[in-house]
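A short write-up of the structure that comes next.
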Amino acid sequence: MDWRLIFDDDLPGHENMARDSSILQALEDGSGTPTLRIYGWNAPTISIGYLQGPAPFLGLGLPVVRRITGGRAVVHSSEVTYSVTGLMDSPLFSGGIMAAYCVISACIISALNDAGVDATYSRGSASGDRSEACFHTPSRYEVLINGRKLVGSAQRRLKRAFIQHGSILMDTDDELNCQVFGRSVSGKMAGVSEFSPVGAERLKELLVERFAQGFGVSFKGCGLTNEELKASLALADKCLVTPAVSGEKTAARA
Numbered sequence: 484m485d486w487r488l489i490f491d492d493d494l495p496g497h498e499n500m501a502r503d504s505s506i507l508q509a510l511e512d513g514s515g516t517p518t519l520r521i522y523g524w525n526a527p528t529i530s531i532g533y534l535q536g537p538a539p540f541l542g543l544g545l546p547v548v549r550r551i552t553g554g555r556a557v558v559h560s561s562e563v564t565y566s567v568t569g570l571m572d573s574p575l576f577s578g579g580i581m582a583a584y585c586v587i588s589a590c591i592i593s594a595l596n597d598a599g600v601d602a603t604y605s606r607g608s609a610s611g612d613r614s615e616a617c618f619h620t621p622s623r624y625e626v627l628i629n630g631r632k633l634v635g636s637a638q639r640r641l642k643r644a645f646i647q648h649g650s651i652l653m654d655t656d657d658e659l660n661c662q663v664f665g666r667s668v669s670g671k672m673a674g675v676s677e678f679s680p681v682g683a684e685r686l687k688e689l690l691v692e693r694f695a696q697g698f699g700v701s702f703k704g705c706g707l708t709n710e711e712l713k714a715s716l717a718l719a720d721k722c723l724v725t726p727a728v729s730g731e732k733t734a735a736r737a
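Counting in the working numbering, the sequence shown runs from 484 upward without gaps.
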């Protein structure tokens with residue numbers, strides 16, 4: 484089976500989120516194609532989960548965008564970002580949310596292992612964690628190294644289609660993350676560069692190889708369809724969070 488492979492340039496955060504959303508909606512509507520998209524961010528950006536309040540992140544001097552997926556906030560900077568958009572009746576993903584996480588994480592772990600990074604699965608998360616930060620605590624089947632979170636992912640499921648996207652950290656900016664989330668996040672994250680000299684471009688190649696092998700598919704490189712591009716342009720501004728859009732007062736992190 485052929486899947487579509489999209490390599491996007493580093494884009495503004497709201498454009499990235501709009502593109503992921505348009506790919507998901509097209510597949511849900513029956514006009515789209517299962518897709519692996521690999522992309523980056525053109526400036527440090529905070530993304531928040533679909534139901535997460537934006538107030539703690541406004542006024543910090545960083546763009547804030549809302550994901551279509553759940554989960555907690557991420558500061559996107561030096562990373563390789565992936566999104567997998569597939570059909571839920573596929574044998575690969577028909578086992579539910581955790582099964583999909585497991586399949587996708589296995590591909591990412593294999594690619595990281597190929598790059599010389601001894602990454603493993605998380606077996607669960609600490610109960611009662613109230614942090615606003617995605618990378619504060621690993622969830623089940625997320626990717627760790629030496630107990631520190633290397634990959635943070637989130638998922639959204641519709642009736643027919645789902646998307647999982649996530650951040651594979653190349654480097655960590657502890658100072659910036661502490662500025663956004665507070666000191667409790669210090670030392671919780673790990674970057675690929677700490678454990679391997681592999682560059683982002685080579686890691687992208689390894690990811691494609693391991694997703695193709697793990698999914699049992701071949702990839703055809705192409706871009707968004709005209710319909711998806713039009714939809715993403717219409718959605719982009721809605722993905723950008725501002726005080727006027729959120730309806731919440733600006734509050735900086737102490």
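The beta carbon of each residue, even a glycine, is placed where N, CA and C say it ideally should be. Computed from a predicted model, the values in this text were never measured in an experiment.
{"Asked": "Please classify Q508: does DSSP put it in a helix, a strand, or coil?", "Found": "helix"}
{"Asked": "Using only CA atoms, which one of F678, R549 and A538 lies nearest to G532?", "Found": "R549"}
{"Asked": "DSSP on S610, reduced to helix/strand/coil?", "Found": "Here S610 scores only 46 on pLDDT, less than 50, and its place in the model should not be relied on; the value that follows carries that caveat. Looking at S610 - three-state DSSP - the assignment turns out to be coil, as it is neither helix nor strand."}
{"Asked": "Taking contact to mean at least 3 C-beta pairs separated by less than 8 Å, is the segment 655-674 in contact with the segment 586-593?", "Found": "no"}
{"Asked": "So for T572, helix, strand or coil by DSSP?", "Found": "The sequence shown places Asp at residue 572, rather than the Thr named in the question. Looking at D572 - three-state DSSP - the assignment turns out to be coil, as it is neither helix nor strand."}
{"Asked": "Among D601, L659 and S715, whose alpha-carbon lies nearest the alpha-carbon of R631?", "Found": "D601"}
{"Asked": "Determine contact between the segment 540-548 and the segment 507-523, defined as no fewer than three beta-carbon pairs at a distance below 8 Å.", "Found": "no"}
{"Asked": "Taking K687 and V563 to be in contact with their CB atoms under 8 Å, please state how far apart those CB atoms are, rounded to whole angstroms.", "Found": "6 Å"}
{"Asked": "Going by Cα to Cα distance, which pick from Q508, A526 and V724 is closest to D492?", "Found": "A526"}
{"Asked": "Could you tell me the distance, in whole angstroms, from the CA atom of F698 to the CA atom of V681?", "Found": "24 Å"}
{"Asked": "Along the beta strand (DSSP E) that carries K703, what are the first and last residues, could you check?", "Found": "S701 to G704"}
{"Asked": "Does the separation of the CB atoms of A637 and E498 fall below 8 Å?", "Found": "no"}
{"Asked": "Ignoring anything shorter than 4 residues, give me the alpha helix (DSSP H) runs that lie fully in the segment 523-559, in order along the chain.", "Found": "none"}
{"Asked": "Does the Cβ of G513 have 16 or more other Cβ atoms within 10 Å, making it buried, or fewer, making it exposed?", "Found": "exposed"}
{"Asked": "CA-CA distance, R640 and L723?", "Found": "22 Å"}
{"Asked": "Taking the alpha carbon of I591 as the reference point, which residue from L575, K721, R693 and D657 has its own alpha carbon closest?", "Found": "R693"}
{"Asked": "What alpha helix (DSSP H) runs, 4 residues minimum, are completely inside the segment 669-717?", "Found": "683-698"}
{"Asked": "If I follow the unbroken alpha helix (DSSP H) through D597, where does it start and stop?", "Found": "I580 to D597"}
{"Asked": "Between L570 and W486, what straight-line distance do the alpha-carbon atoms span, to the nearest angstrom?", "Found": "11 Å"}
{"Asked": "Using a threshold of 8 Å, state whether the C-beta atoms of L659 and A673 are closer than that.", "Found": "no"}
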